[in-house]
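Have a look at the structure below, then the notes.
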Ligand code: GLN
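In my numbering, the protein residues as written are -19 to 452.
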């Protein structure tokens, strides 16, 4: 029996290379856990029937001496990342049974490295949500406490890793969808710099904000996957190689701590955040208070720009080009019926909101203002990064909340994103690292420490993230 609970990508790789176990045995170990736990947790939308066949191929690669660190590593893939020939549904009825006709670039890179895809994971429909309760196929539960949500929208991916139902997972992050579920489930979540990873083959939500990224057990695993997936891609004109080559390393970092509003935030989250800062200071890093004058507008700006992009990105789902179709008396009727019937409530809410903020007469008042404020935020960050190396905040204002607690109040759900949306608006990379727990009803709920760095300085996130792992 393989004890997968202790495995990391590096240690699994070593075992595979030494022949302690094969990729087939490793994959089987994960399939066994999925079979045991996933009827309750529901992290997966589908477990791939050919996972063991993929693992056999990985074993061949290992035998041939051409293995990479990712060869034979069992991955879970969010349901909005295309894998050729497999269903990619974005957990929406409108894409039920839609089969991808090509690989996303991140998929192709993982395939090339010899990774094994165990299955595709549940998510909030079209990645809209913070709890995975907006999936059209039922909610995912938090493996730490199944009465609670795993976060979202990549809740299935985070839960899969947290329950040891995958060694690593990919998610997507438009406003926090990798980092927030990672923090709720006690895993590491990385949103790379906008453009560091190709978006080609992701089902788009907000194209100027979306990034795919890893959810893992350790910061080192996150780094390994980031290194394997990054880089310019000719299929995504917004992707680019890092402009930094061999930046001199700096042992002690200056950590900027923004003076965010503390009222309304969970007491345990705040206490833990302060404790970790103190410990980082104890390690010789320097804390510096910074002001980000426009930070309080982040959430409002995000909830205008994101729906605007959603409304145009989702226009293609008309019942003709993709997925489900409902027939009415004429073409317009077909559109109305299809979109009314197969999009869930939250998706429709955002399409309507986005269409509104882009409409004549309201464009300047809403979309234009939000764009201008986004520029101010970018300016705040570039000023701050003249003084500090990284910026730290909690990942989420609260630990995992109860299932059903926020479903009837979209605004309270949106507030869960207060710390995460800014990195997407500014385009900088951000990581969430587990940093402690909060006791609730006998459960120890994980908390996340978020670190943001200047564009293409993921190296700083990994550097400080590893310190957080060591001191927490
Ligand atoms: N929770 C945020 C939202 O609902 C973020 C979603 C995401 O990053 N995909 O929009």
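Cβ atoms here follow ideal geometry from the backbone N, Cα and C, with glycine treated the same way. This structure is a prediction, so every number in the text was calculated from the model and none was measured.
According to the neighbour-count rule (16 or more other Cβ atoms, all chains shown, within 10 Å of its Cβ), is residue i buried or exposed?
i           : result
residue 282 : buried
residue 34  : buried
residue 229 : exposed
residue 214 : exposed
residue 65  : exposed
residue 334 : buried
residue 235 : buried
residue 421 : exposed
residue 352 : exposed
What separation, rounded to the nearest whole angstrom, lies between the Cα atoms of residue i and residue j?
i           : j           : result
residue 269 : residue 431 : 15 angstroms
residue 52  : residue 3   : 5 angstroms
residue 187 : residue -2  : 43 angstroms
residue 233 : residue 370 : 7 angstroms
residue 176 : residue 438 : 10 angstroms
residue 246 : residue 253 : 11 angstroms
residue 6   : residue 342 : 55 angstroms
residue 55  : residue 103 : 16 angstroms
residue 516 : residue 191 : Outside the modelled stretch of the chain, which goes from -19 to 452, sits residue 516, for which no answer is possible.
residue 204 : residue -12 : 11 angstroms
residue 321 : residue 313 : 12 angstroms
residue 340 : residue 346 : 11 angstroms
residue 278 : residue 400 : 9 angstroms
residue 393 : residue 348 : 25 angstroms
residue 36  : residue -17 : 20 angstroms
residue 263 : residue 442 : 16 angstroms
So residue i packs on residue j, CB below 8 angstroms; how close in whole Å?
i           : j           : result
residue 375 : residue 412 : 4 angstroms
residue 106 : residue 185 : 6 angstroms
residue 409 : residue 173 : 4 angstroms
residue 111 : residue 132 : 5 angstroms
residue 326 : residue 156 : Rounded, the Cβ-Cβ distance is 15 angstroms, inconsistent with contact.
residue 124 : residue 427 : Incorrect: roughly 11 angstroms between the Cβ atoms, too far for contact.
Do residue i and residue j have their CB atoms nearer than 8 angstroms?
i           : j           : result
residue 200 : residue -10 : yes
residue 119 : residue 137 : no
residue 45  : residue 59  : no
residue 141 : residue 167 : yes
residue 260 : residue 451 : yes
residue 178 : residue 436 : no
residue 303 : residue 117 : no
residue 158 : residue 169 : yes
residue 171 : residue 403 : yes
residue 181 : residue 85  : yes
So what does residue i bridge to, in DSSP terms?
i           : result
residue 26  : 100
residue 270 : 238
residue 128 : 382
residue 411 : 170 and 431
residue 370 : 235
residue 196 : 168
residue 6   : In the DSSP output, where bridge partners are listed per residue, residue 6 has none listed.
residue 420 : 423
residue 247 : Partner(s): none; residue 247 has no beta bridge.
residue 225 : Answer is none; residue 225 lacks a bridge partner.
residue 54  : 96
residue 151 : 193
residue 210 : 177
residue 61  : 182
Are there any heavy atoms of the ligand NAD lying less than 7 angstroms away from the beta-carbon of residue i, as far as the coordinates show?
i           : result
residue 149 : By its list of ligands, the structure shown excludes the ligand NAD, since it contains just the ligand GLN.
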